[in-house]
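Which chain is which? The protein sequence lines are A and B, in order. Taking our numbering, the leading residue of the first sequence gets 293, the next gets one more, and so forth. Taking our numbering, the leading residue of the second sequence gets 165, the next gets one more, and so forth. The next block holds one structure in the form of structure tokens; read it before the comments.
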Amino acid sequence: SQKIEQNSEALNIQEGKTATLTCNYTNYSPAYLQWYRQDPGRGPVFLLLIRENEKEKRKERLKVTFDTTLKQSLFHITASQPADSATYLCALDNDMRFGAGTRLTVKP
Amino acid sequence: EAQVTQNPRYLITVTGKKLTVTCSQNMNHEYMSWYRQDPGLGLRQIYYSMNVEVTDKGDVPEGYKVSRKEKRNFPLILESPSPNQTSLYFCASSWGPNQPQHFGDGTRLSIL
């Protein structure tokens, strides 16, 4: 069956460290993958899109990788800050299927 | 300011009482969709619309209706709500089905 799995429901890290979130998928063949941020009581906000022929994409402190062989995307936030605390969702372009999200907490 | 506006933001109602959640976008997007978000299940698509008068079912359409008479509006209708439709609902719009989505701030529905 088709599945999108994000590594864990919650991830806690210390301020200044790099947060790494994982999105794994099975029985999909996405041409591209998107990452969103969702704050409590708000709708998801688009962050980054990476295509299958791009190994890596960066935007400020954010970095996304996409490995179609492993069927995995990694989302990194470097020099993390408490303001980065939120839930992060990955989405595949196959009819915009979303993972359940990982709730990141950055402790000062 | 580019935005997707949903109303109401919160609603508590009873089983069987028809309700409509409105959604409006000001970006001239052709593609609009509705999602529900439940703990542990993520966002699941209910219905989507590629353009005016063109709508189609998503993954969980049972118990819902939509219409797209104008480009900017995409209301979600629950003709006879049931408790299993208690959820957080999001409307989204974009230039196409697999393009970055702009989401509204959600409507929390409680069906008693």
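Yeah, the Cβ is synthetic: ideal placement off N, Cα and C, and Gly gets one too.
Contact check, residue i vs residue j, beta carbons under 8 Å
i: residue 189 of chain B; j: residue 197 of chain B; result: no
i: residue 257 of chain B; j: residue 185 of chain B; result: no
i: residue 269 of chain B; j: residue 201 of chain B; result: no
i: residue 356 of chain A; j: residue 377 of chain A; result: no
i: residue 330 of chain A; j: residue 314 of chain A; result: no
i: residue 250 of chain B; j: residue 173 of chain B; result: no
i: residue 338 of chain A; j: residue 324 of chain A; result: no
i: residue 199 of chain B; j: residue 205 of chain B; result: no
i: residue 310 of chain A; j: residue 366 of chain A; result: no
i: residue 238 of chain B; j: residue 336 of chain A; result: no
i: residue 300 of chain A; j: residue 394 of chain A; result: yes
Residues bridged to residue i (per DSSP)
i: residue 334 of chain A; result: DSSP, once it has assigned bridges, lists no residue as partnering residue 334 of chain A.
i: residue 230 of chain B; result: B/240
i: residue 202 of chain B; result: B/206
i: residue 303 of chain A; result: A/396
i: residue 191 of chain B; result: For residue 191 of chain B, which the question treats as bridged, DSSP gives no partner whatsoever.
i: residue 348 of chain A; result: A/357
i: residue 215 of chain B; result: B/218
Min CB distance residue i to chain B below 8 Å
i: residue 326 of chain A; result: yes
i: residue 336 of chain A; result: yes
i: residue 421 of chain A; result: Shown here, chain A extends from 293 to 400; a query on residue 421 of chain A therefore has no answer.
Nearest-angstrom Cα separation, counted from residue j out to residue i
i: residue 276 of chain B; j: residue 203 of chain B; result: 19 Å
i: residue 347 of chain A; j: residue 353 of chain A; result: 17 Å
i: residue 244 of chain B; j: residue 235 of chain B; result: 26 Å
i: residue 383 of chain A; j: residue 177 of chain B; result: 32 Å
i: residue 219 of chain B; j: residue 193 of chain B; result: 14 Å
i: residue 369 of chain A; j: residue 211 of chain B; result: 33 Å
i: residue 215 of chain B; j: residue 232 of chain B; result: 7 Å
i: residue 321 of chain A; j: residue 182 of chain B; result: 39 Å
Where residue i falls: helix, strand or coil (DSSP)
i: residue 170 of chain B; result: strand
i: residue 375 of chain A; result: helix
i: residue 316 of chain A; result: strand
i: residue 249 of chain B; result: helix
i: residue 325 of chain A; result: strand
CB contact check: residue i to chain E, cutoff 8 Å
i: residue 254 of chain B; result: Among the chains of the structure shown, chain E does not appear; the protein chains present are A and B.
Below-8 Å beta-carbon distance, residue i vs any chain A residue
i: residue 267 of chain B; result: yes
i: residue 262 of chain B; result: yes
i: residue 175 of chain B; result: no
i: residue 240 of chain B; result: no
i: residue 183 of chain B; result: no
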